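What follows is a single structure, written as structure tokens, with notes after it.
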Amino acid sequence: MLNTQTWWKSGLQQWLAHDGLIAYPTESVWSLGCDPFSRRAVENLLVLKNRPLEKGLICVVAHKKQMDFLLEPLPGFLQQRWQELVEKHKPLTVIIPDVKNRIPYWVKGKHIGVAVRISSHPCIQKLCRTLDRPLISTSANRSGCVPARYPWQIHHTFGGSIKYFGGSQLCDRQPTPIIDLVTQQYVRF
């Protein structure tokens, strides 16, 4: 008998390994995602959304260890500031300087840092733990349009080329704030 957990993991990994796009619920809206290290997948996502590369994209992770490779090269005071920010504001997206250039330009866009959110959402937790790595997270809509709150809206807008994870959950919160770790300025409230 087929183990559904094994199938879910292998199916997800295969889909993303072949530059596939996924849709999943977040803390606020439905999101589109892909492997951030797959240039083709990210380019396909940007074309689908009609989003310029220069704007950059957010990565979500399940826990701090999945982004330690970004935090470790930073000075201790920035690591401490990051810890204080994420403990004080949940959920919060933080722009972290990529001092070792470990995140590809097709994720960062014109920026020198990368926007990262540790998500407590059960679907994102399961996706990122299954992959054991970050995942792109961008609202499921064409640029300038209202983000999807239901999976059927995504299917209506983008067709059937996206795999769905997380059932039919309704998302109804505001997008998470984004703050720059270095300047402590809010990019989005």
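In our numbering, the protein residues as written are 657 to 845.
Where is the CB? At the ideal position from N, CA and C, for every residue including glycine.
Keep in mind the model is a prediction, meaning the values are calculated, not measured.
Supposed close pair residue i, residue j - CB separation, criterion 8 Å
| i | j | result |
| --- | --- | --- |
| valine 772 | lysine 764 | With 8 Å as the limit, valine 772 and lysine 764 do not qualify as a contact, their Cβ atoms being about 11 Å apart. |
| leucine 702 | leucine 709 | 6 Å |
| glutamine 677 | serine 799 | Going by the sequence as given, residue 677 is leucine instead of glutamine. Not confirmed; about 16 Å, so no contact. |
| proline 692 | cysteine 779 | Contact flag wrong, Cβ pair sits at about 18 Å. |
Member of the options whose CA lies at the smallest distance from the CA of residue i
| i | options | result |
| --- | --- | --- |
| lysine 819 | Gly689, Val685 and Val750 | Gly689 |
| leucine 726 | Val698, Lys756 and Phe821 | Lys756 |
| lysine 720 | Gln669, Glu699, Ile752 and Asn706 | Ile752 |
| histidine 812 | Arg785, Asn797 and Cys784 | Asn797 |
| glutamine 781 | Gln809, Cys801, Lys744 and Phe821 | Phe821 |
| glutamine 840 | Asp675, Arg785 and Phe733 | Phe733 |
| serine 793 | Asp724, Val843 and Ala718 | Ala718 |
| asparagine 706 | His745, Leu730 and Cys801 | Cys801 |
| tyrosine 842 | His745, Glu699 and Leu730 | His745 |
Same chain, Cβ closer than 6 Å to residue i, neighbours up to 5 away in sequence not counted
| i | result |
| --- | --- |
| threonine 660 | Residue placement at threonine 660 is flagged as unreliable, the pLDDT there being 44, under the threshold of 50; a coordinate-derived value is accordingly withheld. |
| lysine 711 | Gly765 |
| isoleucine 759 | Val770 |
| arginine 695 | Trp762 |
| phenylalanine 845 | Pro833 |
| leucine 713 | Val763, Ile792 and Thr794 |
C-beta contact flag for residue i and residue j at 9 Å
| i | j | result |
| --- | --- | --- |
| leucine 837 | tryptophan 738 | yes |
| threonine 803 | cysteine 715 | Before going on, a small fix: residue 803 reads as proline here, not threonine. No, the pair does not count as a contact, with Cβ atoms beyond the cut-off. |
| aspartate 675 | alanine 697 | yes |
Residues near residue i in its chain [Cβ-Cβ closer than 7 Å; skip 5 each side]
| i | result |
| --- | --- |
| glutamate 683 | Pro747, Ser775, His777, Arg829 and Thr832 |
| glutamine 735 | Leu727 |
| leucine 741 | Leu748, Val750 and Ile835 |
| phenylalanine 814 | Leu704 |
| glutamate 699 | Trp762 |
Residues of its chain near residue i, where Cβ-Cβ distance is below 8 Å and the 5 sequence neighbours each way are ignored
| i | result |
| --- | --- |
| aspartate 788 | Gln722 |
| aspartate 754 | Leu726, Lys764, Ile768, Gly769 and Val770 |
| isoleucine 810 | Ala679, Trp686, Leu688, Ala796, Ala804, Ile818 and Tyr820 |
As assigned by DSSP and simplified to three states, the class of residue i
| i | result |
| --- | --- |
| serine 687 | strand |
| alanine 796 | coil |
| tyrosine 842 | strand |
| tyrosine 644 | Beyond the ends of the chain as shown, which are 657 and 845, falls residue 644; an answer cannot be given. |
| arginine 737 | helix |
| valine 802 | coil |
| alanine 679 | strand |
| threonine 730 | Looking at the sequence provided, one finds leucine at residue 730 rather than threonine. In this structure, leucine 730 counts as coil in the three-state DSSP scheme. |
| valine 716 | strand |
| threonine 813 | helix |
| arginine 789 | coil |
| serine 755 | Here residue 755 turns out to be valine, not serine, going by the sequence shown. DSSP places valine 755 in coil when its eight states are reduced to three. |
| glycine 667 | helix |
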